[in-house]
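The structure under discussion appears below in the form of structure tokens.
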Amino acid sequence: MKIHFLGIGGIGMSAQAIHEHLLGNKVSGTDPFSTERTKFLENLGIKIFSKHAPENIDNVDLIVRTPAVPETNPEILKAREKNIKIISRLEHHINILKPYKKIGITGTDGKTTTTSMMSHVLLKLEENPTVFLGSTHPMLEYRNYRKGGNISVFEMDESQPGFENYNADFLIITNIRYDHIENFESLQHYNYCFEKSCKNAKICISNSENNIEKNSITFGLKNADYKILSIEKMGYKQKVKILTPYGIKNFLLNVPGIHNVLNALSVIALCFELGYEKSAVLKAFEDFVLPGRRFQIYRNEEITIIDDYSHTPIEIKSLLLTAKEVFKNKKIQIIFQPHRFTRLKREWKEFAKALSIADKVYITEVYGAFEKVGKISAKIIADEINATFLSNIEDILDIEIEPDNVYIFAGAGDIINFSQKFKEKVGGLKI
Numbered sequence: 001m002k003i004h005f006l007g008i009g010g011i012g013m014s015a016q017a018i019h020e021h022l023l024g025n026k027v028s029g030t031d032p033f034s035t036e037r038t039k040f041l042e043n044l045g046i047k048i049f050s051k052h053a054p055e056n057i058d059n060v061d062l063i064v065r066t067p068a069v070p071e072t073n074p075e076i077l078k079a080r081e082k083n084i085k086i087i088s089r090l091e092h093h094i095n096i097l098k099p100y101k102k103i104g105i106t107g108t109d110g111k112t113t114t115t116s117m118m119s120h121v122l123l124k125l126e127e128n129p130t131v132f133l134g135s136t137h138p139m140l141e142y143r144n145y146r147k148g149g150n151i152s153v154f155e156m157d158e159s160q161p162g163f164e165n166y167n168a169d170f171l172i173i174t175n176i177r178y179d180h181i182e183n184f185e186s187l188q189h190y191n192y193c194f195e196k197s198c199k200n201a202k203i204c205i206s207n208s209e210n211n212i213e214k215n216s217i218t219f220g221l222k223n224a225d226y227k228i229l230s231i232e233k234m235g236y237k238q239k240v241k242i243l244t245p246y247g248i249k250n251f252l253l254n255v256p257g258i259h260n261v262l263n264a265l266s267v268i269a270l271c272f273e274l275g276y277e278k279s280a281v282l283k284a285f286e287d288f289v290l291p292g293r294r295f296q297i298y299r300n301e302e303i304t305i306i307d308d309y310s311h312t313p314i315e316i317k318s319l320l321l322t323a324k325e326v327f328k329n330k331k332i333q334i335i336f337q338p339h340r341f342t343r344l345k346r347e348w349k350e351f352a353k354a355l356s357i358a359d360k361v362y363i364t365e366v367y368g369a370f371e372k373v374g375k376i377s378a379k380i381i382a383d384e385i386n387a388t389f390l391s392n393i394e395d396i397l398d399i400e401i402e403p404d405n406v407y408i409f410a411g412a413g414d415i416i417n418f419s420q421k422f423k424e425k426v427g428g429l430k431i
């Protein structure tokens, strides 16, 4: 089969493209942005077009599209004319996962880290998972994808209706906030998608704050089946004591932040309920490393730079509290690029409160993703907390470099490109 991906450079689309390529299908795609990911795909032998054009889809059997691709796209128009089947990224992912025993990870925050943890533990347990990851990780042969056996670990993107149709056999719901509510018919519809996902699963592990009662085993800080009793900070690492249905257990987590303890706890809960040897599950966390752009640290003798994908208020709060814990007595500066106008309009006050944890705040204009320019500017946050507003994102490169400071670049948009330029300006940085 000849499959063409529109927006093939995206982290989710590229994993699906690699999967189809390794199955022996002829894969191509269009993406106007040349990135490390598109170059990686080309090196695998996948044809990438840099411009959307009707001729790109000659002799194609199936087109997979992202939500960002409009109906006016020339390849979509040509496909309609030629009656070529067009499906969404979500639908395609659901289809290719049908043969697998499915372990799905969903929720507003922490999906990628939790998926990484689940995959890491299974590999330590000598399982052979097929993995679809929303970032990159050194344990995965293809960075964001691993071709394995009949168990699949994957992220269930909750941003669009229909994610409940994954029908995951085993499910983790990290948390539920109304981050993409504008894409759903109503609040009730949004909640229904989570509740149905949980009901469909043989085992559903859910944060105790999610209020999903049916068929769920809970984890959390209190009133949960799996509960955190204590956390001892050990620099970057954390020694954790938990209460489980199988008694009190201890484990060493190789990454910082209470949010990561909760992510690990959800994985422990699922692995225990699946019957894996408990001591082996707990030991697996001793050498776990975070995926790309999750508290990714670069440093030299003078300063520290952190790249992070955080783009919701809860994630920003967790990021900054973790930085304060790890880098005690250091000045924490954050350069934040808001992601999507709808999110900013709905939660700008929550962003302001979270960002105020930092010692110094820089805010760029909004990265709209596929949303059209909105009627709100990120300056509203800057004005609220007396932060520095960078109307031109290039001004990041003019930020003063202060010795012994920590600079955090946060956001889900193209701020990573400017973080890279800033790191090049600083020089001498090592991971």
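Residue 1 is where the sequence shown starts when you use UniProt numbering, and the numbers rise one by one after that. Positions of the beta carbon are idealized from the N, C-alpha and C atoms, including for glycine. The structure presented is a predicted model; accordingly, all values stated were derived computationally and were not measured.
Here DSSP, grouped into helix, strand and coil, assigns Val255 to coil. Straight across, the Cα-Cα distance linking Ile363 with Asp395 is about 11 Å. Listed as beta-bridge partners of Gln238 by DSSP are Lys233 and Leu253.
Following the DSSP letters along the chain, one finds Asp308 inside the beta strand (DSSP E) bounded by residues Thr304 to Asp308.
Taking a 10 Å sphere around the C-beta of Ser28, we find 16 or more other C-beta atoms and assign the residue as buried.
Between Ile87 and Ala79, the CB-CB gap reaches or exceeds 7 Å.
Counting only runs of 4+ residues, the alpha helix (DSSP H) found wholly inside the region 5–75 occupies 11–22 and 36–43, in chain order. Within the model, the alpha-carbon separation for Glu402 versus Glu301 is close to 12 Å.
Taking a contact to require three or more Cβ pairs closer than 8 Å, the region 254–265 and the region 318–332 qualify as touching.
Rounded to the nearest angstrom, the gap between the Cα atoms of Asp404 and Ala358 is 15 Å. Spanning the alpha carbons of Gly149 and Ile205 requires a straight line of approximately 23 Å. By the Cβ neighbour-count rule, Gly9 is buried, with 16 or more other Cβ atoms within 10 Å of its own. Here Ile228 carries a strand assignment [DSSP, helix/strand/coil]. Between the alpha carbons of Gly235 and Glu325 lies a gap of roughly 8 Å. Residues of the same chain with a CB within less than 8 Å of the CB of Glu384, apart from the 5 flanking positions on each side, are Trp348, Lys349 and Ala352 in chain order. Around the beta carbon of Met118, a 10 Å sphere encloses 16 or more other beta carbons of the protein chains shown; the residue is thus reported as buried. By the criterion of a C-beta distance shorter than 6 Å, Ile105 is surrounded in its chain by Lys111, Thr114, Thr115, Glu155 and Ile172, once the five residues flanking it on both sides are discounted.
Between Gln160 and Leu97, the CB-CB gap reaches or exceeds 7 Å.
Per the C-alpha coordinates, the member of Ala378, Ile176, Pro129 and Glu20 positioned closest to Leu44 is Glu20.
DSSP places Ile385 in the uninterrupted alpha helix (DSSP H) bounded by Lys379 to Ile385. About 5 Å separates the Cβ atoms of Ile63 and His4, confirming a contact at the 8 Å cut-off. Arg293 and Asp308 have their alpha carbons spaced roughly 4 Å apart.
A straight-line Cα-Cα distance of about 16 Å links Ala17 and Phe33. Boundaries of the beta strand (DSSP E) harbouring Ile217: Ser216 to Gly220, taken from the DSSP string. The beta carbon of Gly428 sits closer than 8 Å to those of Asn300 and Glu301, all from its chain and outside the five residues before and after it, given in chain order. For Phe389 against Lys375, the beta-carbon gap comes to about 17 Å, at or over 8 Å, which does not count as contact.
In this chain, the beta strand (DSSP E) harbouring Phe336 covers Lys331 to Phe336.
The alpha carbon of Asn263 has as its nearest neighbour, out of Glu286, Glu273, Gly220 and Ile305, the alpha carbon of Gly220. Glu164 carries a helical assignment under DSSP once its states are collapsed to helix, strand and coil.
By the C-beta density criterion, His92 is buried, having at least 16 other C-beta atoms within 10 angstroms.
Counting only unbroken stretches of 3 or more residues, the beta strand (DSSP E) elements lying wholly within the region 92–170 are 101–106, 130–132 and 151–155, in sequence order. The DSSP-derived three-state label of Leu274 is coil. Residue Ser310 holds the alpha-carbon nearest to the alpha-carbon of Pro291 among Lys239, Lys82 and Ser310. Burial check for Ala284: the Cβ neighbour count within 10 Å reaches 16 or more, so the residue is buried.
Per the DSSP secondary-structure output, Ser206 pairs in a beta bridge with Ile173 and Thr218. Among the bridge pairs identified by DSSP, Gly247 is matched with Thr244.
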